[in-house]
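> I'd like to ask you about the structure that follows.
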Amino acid sequence: MTAALFLQWSLNVALGVLSLSFLLTVARVVIGPTLPDRVLALDMLVAVAIGFIAVLGIRTGHTLYTDIAIALGLVGFLATVAFARFILRRRTIEREEVE
Amino acid sequence: MRTLIFRTIAPALTSLMLLFSVFVLLRGHNDPGGGFIGGLIAVAAIAIYGIAFGVPSVRRALYFHPLAISGAGLLLAAASGLLSFVQGVPFLTGIWASFYFLGAEIDVSTVMSFDIGVYLVVLGSLSSVALALEDREDG
Amino acid sequence: MIDALQSTLAAILILLGSVFALTASIGLIRLPDFYTRMHAASKAGTLGSCVMLIALAVYTDDLAMTTRALGGVAFFLLTAPVSAHLLAKAAHASGLKLWSGSVADDYATGQGRDKMAGTDVQ
Amino acid sequence: MKNWLGILLLTLAWIALTGSWTIPNALLGVVLSVLASSFAREQRRRREVALRPLRIAELALLFLYELMLSGYRVARLVLMPRMELRPGIFAYPMKVERNFEITLLANLITLTPGTLSVDVSADRKTLFVHAIDCSDPDQARRDIADGFERKILEAFR
Amino acid sequence: MAATGGTAIDLAAAIITAPTAPADWLVIAPVVIPLLTGALLVALRHRTGVQGAIALAGLALTIVCAALLFARVSAQGPIVMTMGRWLPPFGISFAADALGALLSLTASIVGFIAALYSLRDIDIAGRRYGFYPFLTLMMAGVGGAFLTGDVFNLYVWFEVFVISSFGLLVVGDDEARIDGAVKYAILNLIATTLFLIATGYLYGVFGTLNMADLHRKMAAVGSEAPMMTLATLYLVAFGMKAAAFPVNFWLPASYHTPKIVTSALFGGLLTKIGLYALLRVLVMIMPAERLALSPLIGWIAAATMLLGVLGALAQSDIRRMVGFVLISGVGVMLSGLAVGDAAGLSGAILYAVHSMLVVTALYLLAGMIRDAGGSFSLEALAGLYDRAPVLAAGALLLAFAIAGLPPGSGLWPKIVLVRASLDAGAGWLAAVILVTGLLTTVAFGRVFLLAFWRENADNPALAERRRKVPHLAFAALIALLAPSLAMGLYPEPFVAAAKNAAAGLLEPTPYVDAVFPGRAAP
Amino acid sequence: MPTEAGTLTFLALLLPFISAFFAPILTRFLGHNAAWVLALVPALLFAHFLSFEPLVAEGGTAVGTVAWAPSIGVDFSWFIDGLSLTFALLISGIGALIVLYSGGYLQGHPRQGRFFSFILLFMGSMQGLVLADGFITLFFFWELTSITSFLLIGFDNHREAARRAAFQALVVTGMGGLSLLAGLLVIWSATGAGGMSALLGKGDALRESPLYFAALMLVLGGAFTKSAQFPVHFWLPNAMEAPTPVSAYLHSATMVKAGVYLLMRLNPVMGNTAVWETVLPVAGGLTLIAGAVLAIRQTDLKLVLAYTTVGSLGLLVLLTGLGSDKAVEAAVLYLIAHSMFKGGLFMVVGAVDHEAGSRDLTQLAGLRKVMPITFGAALVAGASMAGLPLLFGFLAKEEIYAAVIESGGWAAAAFASIVALFGNAIMAATAFSVALTPFLGGEPRSPKPAHEGPILLWLGPAVLALLSVVTAVLSSTTHRYLSSAMASAVVGARADIEITTIPHLGMPLLLSVLTVALGLVVFTWQFQARRTVAALLGAIGWGPDRGFDQVIRGLLKGSFAISRVIQGGRLDIYMKVTFIVLALALLVPMASYGQWPAMPAWPALQLHEWAVLLIAVIGLIAVLRARSRLTAIVSLGIQGFAVALLFMLLGAPDLSFTQFMIETLSVVILALVMTRLRLELADRRPLPTGMIDSLVAIAGGLGFGLLLLKATQLPFDDTLSAFFAAHSRAIAHGRNIVNGIIVDFRGLDTLGEITVVMVAGLAILTLIRMKSRSSAKMTEKGLKCAR
Amino acid sequence: METALSLTVGLFFIAGIYLMLSKHIIRVLLGIVLFGNAVNLLIFTAGRVASKTPPIISESAYLPAGATANPLPQALILTAIVISFSFFAFLLVLAYRAYNDLGTDDTGRMRLAEPESENPPPMGY
Ligand code: NA
Ligand code: NA
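Protein chains in written order, with our numbering: chain A, 7 to 105; chain B, 404 to 542; chain C, 3 to 124; chain D, 151 to 307; chain E, 12 to 533; chain F, 25 to 811; chain G, 25 to 149.
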């Protein structure tokens, strides 16, 4: 197996693995059960997406995708901060979500 | 938000993100990016700063009223298009000039100033929105 | 030769990173409460994306791309713990209890002493 | 420029971003960095920071090691059929006092195995840490004190 | 300029090499001038003292340019400018034909007059919170909509005037405006989104967005293409914007809620843009589909006319009444589209011009009635005939105009449309148009009876709310009445312009040739 | 404009309108004496039109045209022949007297100037109506007479009855006007003639056209409403709410005759058909009887006159409909006579009302001593109305009977004769009532002490009375210049009227005598007759007048009910209808024009592509199923992410970039705003609603999806994109083609787009900052609720 | 690819429309977001998916190396995204304002402009 082939192979594997991670993370967003859980999962989704983008970048040779990954990191951070702030301000968990 | 950890790191993050936003703005012509995305990143930077230190700090930091920035951006963008009147070409025709500075060729163009206009509009409008919403919260 | 080395290293890092991401997401599902899940996300998750960015940095021949990817890594390492902190703090402040199997919560008692602790530092 | 260190770092970041090592680009970087950092001008305080590059490198290496270890630990934990967990939050009395040191410590703790900084107390003396294994909080406190906190004190004082 | 680097590029196949005549800039002026004015106003938002003056100056200049454009187009045929000097259809073309120039001129006049009225109607808070930027930018959007020659660009200008209208709608202090704004905003957003969707499909089918290009390609499109579905989708989207039954809920739900000058602007301009778009797309680009849809459009027109005027009869609030009357006018215009020949279309266009002037004036009149009478409600109003005779005269003339009675401007479109319907064998449509006119007469006759003629019962609460009608308001009213009366008494210039505009839609060869001078389709 | 006379005529048509503008100003300076000056206007017109007499008497006509709307083939044009000229002379002649009379009648009235103005406006409109040649010109003035009549009837606007009457007149005649317009346009469409003069030669074409019947019915709709034919006669008596000069002028002498004018005008081209000769006589006859009967019932002198006017109009329509030359001649004579005597009588009644304080028959008596001139005028006018010899009314009556007895077959003749006899007799009776009852009897009796009015009040009736005599005595001259010329125009061929005021034996004279005798009988027992009719009408209990109110109320209530249904105020309903329409718009054409897509092949996607699509769908489901809005917001992020990833997979990095940013910011802003709201948690829809909503949503989504599939199955023309790719770097200096399109190729879109962004920012600021009147209060309440 | 995308677009529309039919204004807004995404995907699909290569020219060339994804729909969508985001932000704040001023988030109960209890118009003259 040449290095290039190995890379191809591992990229494909990685895409599969990352897809699985995506689905699991999404599952947590859907399941909850609390808002912090969902936000955490969303944050995680960003992380997985960054990895996904990196893999895609290598796979297609368009390394320019990196910048998108970085920007995604930035706004992902912002989203989490905003949600944290939101949770902090609200102070009480919505009843439905505790159940 | 009054947490030491966040407040300590926020100024650096903000500066970094602003820098990144300009980077994205300037290279949009060749790679993904451009005024709009750059503006969004800048807004994200400002939002982080605002969440950390509150609305008044952001207003002071921006110096101009955000909507005035937005208006200026639109003026810049439209004016970039109007420059072509002088050249006898239609509205919004890209006009390019390049000069040498310290041995490097620097291109300037109305297309670039147009994109900077876009950047300013996005930056101004969205930060105005965010600030107004937050103002409401505090007051 | 360099190419092959680059590719191989990148491949390994890619695999490693995706495994980290996967474990993080499994942890997200399996771990019992929010706080424990945070460990999975903030460590394995961050690590996963960073490693994959490093893979990209290794793979590319474009120096600018390499520096940019590494810059991205630095940025994530800078922000991930902050967001984890904010989220944990917010969750706790909003009354989200630790998992029933938890053994201690000094924070809750600490908060009891100083009501303002969560909201005021300066 | 009072904030020369920040500007320098930002300029470096600019050069890294653009990947262009030309003088005009560096100059542009400086200008933009000045502008970008001037946005946060209000938050700038004078800091007496002593930088010890070697110690910083040591700290960085320790961190990277711990980080990888942390990833491995999580992987092992979540992949085990039965997870044995004794999580909890413990209070950690800090020796570091300055904001950036506290922040650094808290962040490092978060990224390392089994621990996660939840908050800093109002008096900035205590760090609340969530540990995935909180069966022996004292041991955990010792680990931090002898690990990151000591390295930080060495690196920046 | 066009540096070509290493490879040889055939510039002539990419860009327009001939220099642009300064006069060609007229085609973009009705957009750029208000746009720049608006941007300036936003930048100077806190200078509330100069907002009105800057807006007026900008709008006056817009009128001048629109008038010059109209004159030029009338004399020489369509004028085109393709932005960025890219060859059409690659760049965005602005193309002023008789229709676009006529409507944009009328719109600019209406906008200016509304701004004039607003000087006494909009307080400091309104100025501070963007009334004038909203106004000028809405005018930019309206101008762009009338003059652009690109379907997607039309969508963009739609959005510009829609978002500006949102802004105008929320300037004020009445809670009802928020309620109205919710309905207006959501339903209008749906309408413009449908427009965007239809345009997406259109692009998918034709691969082009330039209207002239679409016109050319339409002839060659195979029967495979789902053109009927697409045309119907456009009908829904623009019908909604034009406030055609049964998708016109947004109009009666909101038009009575904002500042009266806002209602006036909306009433004068917005529905006409929907109609304009229908004309442009269905008549110029999809004539065969329009023909097939003609019966449906006829029914829609009839229902809109009748239900609109019945709605007007049902109202106590005169603003709401005007809104419903406006809707019935939309039906009248749609009947012209349903007939679809030169006469029908010119009737619709003539009505649009008339309605722009008169509906705006009616809303302003409602505001003046509120000032003079202390209320908008027919229940409460009385005694204005004695108290405000000049207003009464204005009201009477406007009522005649909107009801299609001489010497009002509405007479002529009514005549043209009834004749067109009869000639097209659609006697029932003519009947509906006439009945609508009669019911409009009933509605406004009642207003005159109750608000003006009825003796004034002294109501202290009402008296308290009365105030002197500003002279500026009269000036604005007269400025709108004058062209309306001119049209009623000497219709030829208007009729000729409308006929010219309709001819340009039905036979757009000059338009296409102006966009693609001497070139075959790429 | 062809000639100098043409120019003058055009100016004559405009003059009343111009003078109307100056009337109030003049009145401000001269008071009621402005009447003397203003009367010069109609006098001038009279003089001008008189100058056409020689031409017209010889059978000549004059036409004139001014370009008005040539683009649609519409000219402002007039047509002077015997018919229009006689009308024009009546209008201007009586108009002058009316202006003078108004000067006296409204002396000191604060709005006298406005009144003059309205009267002059009306005069101009009426003048235009009868002189109009082009259909549109005719219609223009026709409507103007309705409008000015509205203003004049409602002149005394403080009285509800006046307002109602004005409104009623406006609606009824307005309805007729529209019918007329339709009729004229149908004629235009059928014959290609757009004016009367052009139409005159196309009578046969019109009568043979399939559109003839429709055109006739529509035109009759206009004529009958204007000329108050039964059962739409009711507005005319109500119009007596107007000041008496108005009643005298509009509602007897001129405007109400517009309908008759129209019928006469069209007689040559539309008459002489079975429909014409059935509908007109029947409608006219019914109106004559109804008017006559209703007239008896009244005690208000104006109402008495009003109903007799209705009757007279019926008679005119009947005569016009009979179609024979004789009948036309009779109609012409009666029309002229009626204008003189009815105008005079109205002015008399007004003078009595003005000076004696009442116009109720039962309150007046013996006024002959105190108002001798008025009495004299009344006597002559009444006698003319009753058809006594030596007066013009006599000529008319003789000719009427001559016409009816020889009309059609014997049945028609009998019908017409009986109707005419009955109607005329009662009108004679009422003529006696009006002209005699207030004046005869013992001592003067009236609510206020009566005396002769000023010259302005008696000049008009006196002149008209005089004219009734003079025209009758000089009948051959009258015929030569007025009656025959007019009759010729109506017949469409030379018609010479020869009747003189010297009675000659024959059937007509017999019937005339019978009429007067019957009239005297009814007059003698007028109070009993009145009671009988009142009892009869009371038994019926309903009339079109009340019906009008019921129609209007019904209209208002019905529209209210309808608009409550179609504009119910609920956004969810609005949305539902909108989306149902949308779904139909997508699916119905696709179905009925067979524009379905072909069955596609199973898409070949890579695993991770499927995964991304799956995530998008999961995100959708999560949003739909979210039980709290926060969950929904977070779930929204999932699908947004998926879409962004999809864009990245499909080679759209810029889109992906933007989508990531926007999606995140949307979620952030949503969360920001949510902080302050306490909203309903769950989306509770009742099952049926949920089912309907689902159905609508599925139909809509299906439609969009299928259409997209269809569109993408067609071959694609990528000329544009190829061009962009070819020139993005070479000319536009950008390697990123998408960005090149955004800032260069389609920079204008972006300019508009950033305008939207800026305006949205400003609008949001406005929303947040501009306080509502009671928002503070509401917020407090909201907070309380939340607690 | 177009088939799968058409299907996805249809699903997005279904979800969006269903949410927009809700009485709760926040759900309507969520629906609008989904609707907007559906439109973007629609335009993208309408431009066909001939290639998945980004439409970016490499530094050394003047033309794209081979087939690229269709850039025009991308530019159109960018414009549309920005516009719909602006509208969304406005609507969101409007909803917030409506909640404050009208005291409800139920559009069925927002009845200030068209009140539930309205009198018929005056019947007299
Ligand atoms: Na409108
Ligand atoms: Na754009």
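Just so it is clear, CB atoms sit at the ideal spot from N, CA and C, and this is done for glycine as well.
Identify each residue in the segment 499–511 of chain B for which the Cβ-Cβ distance to at least one residue of chain D is less than 9 Å, and report them in chain order.
Result list: 504, 505, 506, 507 and 509.
> Any beta-carbon of chain A closer than 7 Å to the one on residue 78/G?
Yes, residue 78/G counts as interfacial toward chain A.
> Would you report the Cα separation of residue 359/E and residue 112/G, rounded to the nearest angstrom?
Approximately 34 Å between the Cα atoms of the pair.
> Please check if any C-beta of chain G sits within less than 7 Å of the C-beta of residue 171/F.
So, not an interface residue.
> Does the beta carbon of residue 94/A sit closer than 7 Å to a beta carbon anywhere in chain C?
Yes - at least one Cβ of chain C is within 7 Å of the one on residue 94/A.
> For residue 496/B and chain E, any beta-carbon pair shorter than 7 Å?
Yes - at least one Cβ of chain E is within 7 Å of the one on residue 496/B.
> Could you pull out every residue in the same chain whose Cβ sits closer than 7 Å to the Cβ of residue 540/B, ignoring the five residues on either side in sequence?
Low confidence applies to residue 540/B: its pLDDT is 49, below 50, so where it sits in the model is not reliable enough to give any reading.
> Chain B partners of residue 124/A, CB-CB under 7 Å?
The question about residue 124/A has no answer, for chain A in this structure spans 7 to 105.
> Residues of chain B with a CB under 7 Å from the CB of residue 172/D: which are they?
Near residue 172/D (Cβ distances below 7 Å), the residues of chain B are 507.
> Note down, in chain order, all residues in the segment 261–286 of chain D with a beta-carbon under 8 Å from any beta-carbon belonging to chain B.
Cβ contacts with chain B: 267, 269, 270 and 274.
> Enumerate, from N- to C-terminal direction, the unbroken beta strand (DSSP E) stretches of 3 or more residues contained entirely within the segment 151–220 of chain E.
Listed in chain order, there is nothing to give.
> Which of the three DSSP states is assigned to residue 509/B in this structure?
Note: residue 509/B maps to strand in three-state DSSP.
> Using 8 Å as the threshold, is the segment 249–265 of chain F in touch with the segment 195–214 of chain F, meaning 3 or more CB pairs across them?
The answer is yes - the segment 195–214 of chain F touches the segment 249–265 of chain F, with three or more Cβ pairs under 8 Å.
> Under 8 Å Cβ to Cβ from residue 79/A, same chain only, skipping five residues before and after it: list those, please.
If we look at residue 79/A and ignore the five residues flanking it on each side, its Cβ neighbours are 52 and 56.
> Could you pull out every residue in the same chain whose Cβ sits closer than 6 Å to the Cβ of residue 368/E, ignoring the five residues on either side in sequence?
Here the set comprises 491, 494 and 495.
> Can you tell me where the alpha helix (DSSP H) holding residue 357/E begins and where it ends?
Run containing residue 357/E: 353–384, per the alpha helix (DSSP H) assignment.
> Please identify, using Cβ separations under 7 Å, the residues of the segment 9–37 of chain A that lie next to chain F, in order along the chain.
Cβ contacts with chain F come from 21, 22, 25, 28, 29, 32, 35 and 36.
> Only counting the same chain, and skipping five residues up and downstream in sequence, which positions put a Cβ closer than 8 Å to that of residue 94/F?
Once the five neighbours on either side are set aside, residue 94/F has no close Cβ partner at all.
> Check whether the Cβ atoms of residue 227/F and residue 134/F lie closer than 7 Å to each other.
Cβ distance not < 7 Å, so residue 227/F and residue 134/F don't count as in contact.
> Counting only Cβ-Cβ distances shorter than 9 Å, please list the residues of the segment 745–757 of chain F near chain A, keeping chain order.
Residues passing the 9 Å Cβ filter: none.
> CA-CA distance, residue 392/F and residue 86/F?
Whole-angstrom Cα-Cα distance: 47 Å.
> Just how far apart, CA to CA, sit residue 320/E and residue 499/B?
Distance between the alpha carbons of residue 320/E and residue 499/B is about 58 Å.
> Taking the Cβ atom as the reference point for each residue, do residue 316/F and residue 328/F lie within a distance shorter than 7 Å?
No, they are not a contact pair.
> Using a Cβ cut-off of 9 Å, which residues of the segment 52–64 of chain A contact any Cβ in chain C, in chain order?
So the list reads 52, 53, 54, 55, 56, 57, 58, 59, 60, 61, 63 and 64, given in the order they occur along the chain.
> Could you tell me whether the Cβ of residue 13/E comes closer than 7 Å to any Cβ of chain G?
Since pLDDT at residue 13/E reaches only 40, below the 50 mark, its modelled position is unreliable, and no value is offered.
> Determine the closest residue to residue 271/D out of 243/D, 254/D, 263/D and 283/D, with distance taken between C-alpha atoms.
Ranking 243/D, 254/D, 263/D and 283/D by Cα distance to residue 271/D puts 243/D first.
> How far does the alpha helix (DSSP H) with residue 377/F in it reach, from first residue to last?
Run containing residue 377/F: 349–380, per the alpha helix (DSSP H) assignment.
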